[in-house]
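Residue numbers (the working numbering): 113 to 319. Here a beta-carbon is modelled for each residue, glycine too, at the ideal position from N, C-alpha and C. This report concerns only the one structure given below.
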């Protein structure tokens, strides 16, 4: 977050004299309390300052990078995931390759007749299958897919940083976002490295 000159002055005053009231800060800057109010609100919401009723403002001691780190740790999967791309476990490898190309994704989630997650198909899986001598239109995807329990998943309420850790540690490009059902798990979203990168970039830009 890029601070204005006046906001930097406010922080220095609070560092030196905090806790200090808004009225006293305004007096030291020869400004009215109303003029100063937006700056104090911004600095408080950004986390540079904290305020206590009848006490005043005090400096939190946190740098911009520390504040961004704190906000990253609060991000959840539900706010960042995208629409999942799924295929039925009986479709052919050829159809799966076509779907992946048309949808421009690197991972397909495989579901059964009840629309419950049963597997995952990566580009590597499809590439490996296409390198054989078999007719791709005759091979169902359930033959080559990665199956439960080897599939890594996440939930909407998971922290984004935890989901990112799963992607890195398992060297995969996407996680299915699921909801638990009585007879399995329904896919409700797709969390990719791109989703996570965008979330971090947006957070820095907001700062």
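Meets three-Cβ-pair contact criterion under 8 Å: the stretch 240-252 and the stretch 211-225: Result no; under three Cβ-Cβ pairs closer than 8 Å.
Contact check, residue 227 vs residue 298, beta carbons under 8 Å: For residue 227 and residue 298, yes; Cβs fall inside 8 Å.
Alpha-carbon spacing of residue 132 relative to residue 155, whole angstroms: Their backbone Cα atoms lie some 14 Å apart in a straight line.
Close-in-space but distant-in-sequence residues of the same chain around residue 312 (CB under 7 Å, 5 per side omitted): Same-chain partners within the cutoff: 184.
Sufficient close CB pairs (3 or more, under 8 Å) joining the stretch 256-274 to the stretch 160-174: Taking 8 Å as the limit for Cβ pairs, the verdict is that the stretch 160-174 does not touch the stretch 256-274.
Residue 146, buried or exposed, once every other Cβ within 10 Å from all chains shown has been counted against 16: Under this definition residue 146 is an exposed residue.
Given residue 152 as reference, the closest of 280, 121 and 276 once Cα atoms are compared: For residue 152, the nearest C-alpha among the options comes from 121.
Supposed close pair residue 204, residue 250 - CB separation, criterion 8 Å: Their Cβ separation, rounded to whole angstroms, is 7 Å, which keeps residue 204 and residue 250 in contact under 8 Å.
Same chain, Cβ closer than 6 Å to residue 286, neighbours up to 5 away in sequence not counted: A distance below 6 Å between beta-carbons, with the five flanking residues on each side excluded, links residue 286 to the following residues of its chain, in chain order: 219, 302 and 304.
Presumed contact (8 Å Cβ cut-off) between residue 267 and residue 189, rounded CB distance: Residue 267 to residue 189, Cβ: 7 Å. Contact.
Nearest-angstrom Cβ-Cβ length linking residue 193 and residue 253, presumed shorter than 8 Å: Incorrect: roughly 23 Å between the Cβ atoms, too far for contact.
Cβ pair residue 140, residue 125 closer than 8 Å: The answer is yes: Cβ separation under 8 Å.
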